[in-house]
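What follows is one structure encoded as structure tokens, with my remarks underneath.
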Amino acid sequence: MFAGRSVLPSPFAVVLSLVVASTALVLPVRADDTWWHLRAGEEVLARGALLSTNTFSFTAPDAPWLMHEWLTEVIFALTWRLGGAPLLVLLGLASFAVTVALGWRLLARDRDTGGWAAGACGYLAVLLLPGFSLRPWILTHACFAGLLLLLQSRADVPRRALGTAVLFAAWANLHGSFFAGLLAVGAFLGGALLGAVTRREDVLPVRAGLVLSASAVLGSLCTPRPIDGLLHPLQYATGSLSSSQGALREIMRHNLEWQPPGMASPLGLLLCGLLVLCAAAVALSRERAHASHLLLLGGFSFLAFSSLRNIPLAALAAAPLLGRHLALAWGRRARSERTFRTSHVALPAGIFAACAVVILSRPGTLGDPARLSPEYFPGPLMAAVRAHAPARTFNHYDFGGAFQWQLWPEARVFWDQRVDCYPADVLRDGLSLHAAAPGWEALLEKWDIDAVAYRKGTALTAALRTSPGWRVAWEDDTTVLFLPASSR
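In this note's numbering, the protein residues as written are 14 to 501.
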């Protein structure tokens with residue numbers, strides 16, 4: 014008699030609960046370039062205005078800087094002020110959980126296929142992990158999933174156009190990856206045009222596709238510098254491929270997230286498996302795939318095989334196609350009646366609350382971004398730099414953001430992860446110093462460097478150890494500080 018009243022967690026609730034628990038307690042959010050974002054957000058709050066030059070560097074203090082992520086940086090800074098590192102970690106966890114939930118909504122948009130949709134959602138969650146980091150990139154995944162839901166919404170076109178404009182107005186100030194959203198809108202418009210030519214129904218009619226595309230572009234212009242903000246992602250992408258920007262290309266070559274996933278690597282195999290799953294769902298559904306879904310999946314799969322950074326977007330781009338064809342292939346095989354009600358919210362909400370209590374009560378590794386990614390936040394090394402107070406330190410590229418957060422304004426960096434606001438000669442000289450290329454000592458003199466704070470095991474640290482002009486002032490197991498031999 015109580016079977017009809019009992020409430021059990023749905024398959025999706027179980028999957029999301031596992032995702033929240035594992036990412037909070039087993040695979041915690043990374044904090045790599047979190048620190049310069051925090052510093053930038055603090056400066057915007059303190060000044061009441063955006064920064065327009067590379068203020069944090071001594072090599073290019075007057076170089077122009079477009080703060081295309083200013084809104085996320087302010088959100089990060091306010092979160093830090095309200096609750097410090099633990100609350101910032103919870104913000105990252107919540108953003109990741111929301112993205113997974115939106116991905117499931119895409120998968121279950123036509124019909125909740127129970128375990129099939131939940132299993133596919135878990136698969137997508139694994140592919141979202143490369144973007145699980147405390148940086149503006151983590152918010153763009155939720156924006157991307159929300160956009161795909163909006164494009165396929167059954168609401169009338171004016172409401173969707175307004176929602177699209179508002180979404181892009183926020184997204185364009187959160188992160189430059191709003192350009193990926195414009196590509197997604199373009200895929201749906203392309204599908205609409207192909208549908209009109211072939212006289213086959215697609216997700217959007219042409220008129221709706223044009224209206225939503227215009228709304229997306231207009232929303233993208235709602236930034237402090239509209240034209241620069243709209244063009245910046247494209248200029249950055251083309252600059253990284255240009256022969257005249259060899260230093261930028263070289264830095265990206267050393268950055269793991271910009272590397273293509275190997276076909277035999279775990280992520281490469283998972284990405285291939287996602288495409289196989291999509292093909293199987295379409296084949297078993299015995300329905301023609303929408304052109305917009307194929308364009309979306311094909312375009313972002315190409316980007317994902319070009320760069321690890323784009324794998325989360327490719328996973329979300331597969332969700333609309335899977336959402337339609339999973340329902341057609343397996344939804345019709347689902348049981349017609351349930352003897353119990355299910356809840357999508359209760360269990361994951363409880364698990365998130367429990368994880369929040371653990372993180373807030375144990376602000377050690379779980380709630381301290383510095384401990385989450387110590388390879389990017391060398392606390393003891395920065396304490397040594399502060400103690401010796403050098404004027405111009407050549408820092409490891411990965412340490413730039415942490416140095417800005419911990420040592421600025423007393424000390425400024427040679428360079429950091431904001432490569433788009435450094436002239437080519439700074440990037441080129443930094444790479445030459447890192448490799449201890451011929452003439453490296455002259456470069457130290459050129460920039461009047463009086464300290465080198467670096468990782469051990471690099472070509473530069475090996476060269477400095479044998480150089481009579483430099484001495485080890487401090488070191489630990491992973492980092493080392495060099496000062497001129499004449500200084501005592």
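For every residue, glycine included, the Cβ atom is placed at its ideal position computed from N, Cα and C. Given the structure is predicted, the values throughout are model-derived calculations rather than measurements.
Through-space distance from ALA26 to PRO361, alpha-carbon basis: 6 Å
Where ASN323 sits in the DSSP three-state scheme: helix
Boundaries (first-last residue) of the alpha helix (DSSP H) holding TRP421: Run containing TRP421: none; DSSP gives neither H nor E here.
Buried versus exposed call for VAL39 [16 or more other C-beta atoms within 10 Å across all chains shown]: exposed
Backbone CA spacing between SER319 and GLY281 [nearest angstrom]: 11 Å
CB of LEU106 within 8 Å of CB of PHE89, strictly: no
Bounding residues of the alpha helix (DSSP H) (the contiguous stretch that carries ARG220): 219-233
Simplified DSSP assignment, three categories, for ASN67: coil
For SER356: DSSP bridge partner residues: PRO22
Nonlocal neighbours in the same chain, by C-beta distance under 6 Å from TRP117, ignoring five residues either side: PHE25 and CYS134
CB contact flag (TRP83, LEU58, <8 Å): In this structure, LEU58 does not lie closer than 8 Å to TRP83 by Cβ.
Nearest candidate by alpha-carbon position, reference ALA330, set ALA342, SER314 and LEU321: SER314
Between the CA atoms of ALA302 and ALA359 - distance to the nearest angstrom: 35 Å
Straight-line Cα distance separating ARG124 from MET80: 41 Å
Cβ contact (3+ pairs, closer than 8 Å) linking the segment 168-188 and the segment 212-228: The answer is yes - the segment 212-228 touches the segment 168-188, with three or more Cβ pairs under 8 Å.
Inter-residue spacing [alpha-carbon to alpha-carbon] between TRP453 and GLY128: Distance between the alpha carbons of TRP453 and GLY128 is about 59 Å.
Beta-bridge pairing of THR492 - partner residues as DSSP gives them: ARG468
Among LEU341, ARG322, HIS306 and PHE71, the one whose alpha carbon lies nearest that of ALA296: LEU341
Identity of the residues DSSP links to VAL485 by a beta bridge: PHE495
For THR406, the three-state DSSP class (helix, strand or coil): The answer is strand: DSSP assigns THR406 an E or B state.
Nearest neighbour of PRO391, chosen from TRP49, ASP381, THR492 and VAL371 [CA to CA]: THR492
Exposure label - ILE462; buried when at least 16 CB within 10 Å: buried
Whether TYR435 touches ASN67 by CB criterion (8 Å): Yes.
TRP418 vs TRP48 beta-carbon contact at 8 Å: yes
According to DSSP, residues forming a beta bridge with SER146: ARG43
Three-state secondary structure (DSSP) of PRO77: strand
Secondary structure, alpha helix (DSSP H): runs of 4+ residues fully inside the segment 434-466: 437-447 and 453-459
SER349 - DSSP class collapsed to helix/strand/coil: Confidence at SER349 is low in this model, with a pLDDT of 46, below 50, so its placement is unreliable and the value that follows should be read with caution. If DSSP states are grouped into helix, strand and coil, SER349 belongs with coil.
Cβ neighbours of GLY232 in the same chain (closer than 6 Å, five flanking residues each side left out): ALA178, PHE181 and ALA182
CB contact flag (ALA44, SER386, <8 Å): yes
Neighbour flag for PHE407 against chain C, beta carbons, 8 Å: Included in the structure is just one protein chain, with no chain C present.
Delimiting residues of the alpha helix (DSSP H) encompassing TRP129: Per DSSP, the continuous alpha helix (DSSP H) segment holding TRP129 begins and ends at 128-141.
Cα-Cα separation, VAL28 to LEU373: 24 Å
Rounded straight-line distance, which links the Cα of GLY54 to that of VAL87: VAL87 and GLY54: Cα-Cα distance of roughly 4 Å.
Short Cβ contact (8 Å threshold) for PRO237 with GLY189: no
Test item: CB-CB of ARG484 and LEU496 under 8 Å: yes
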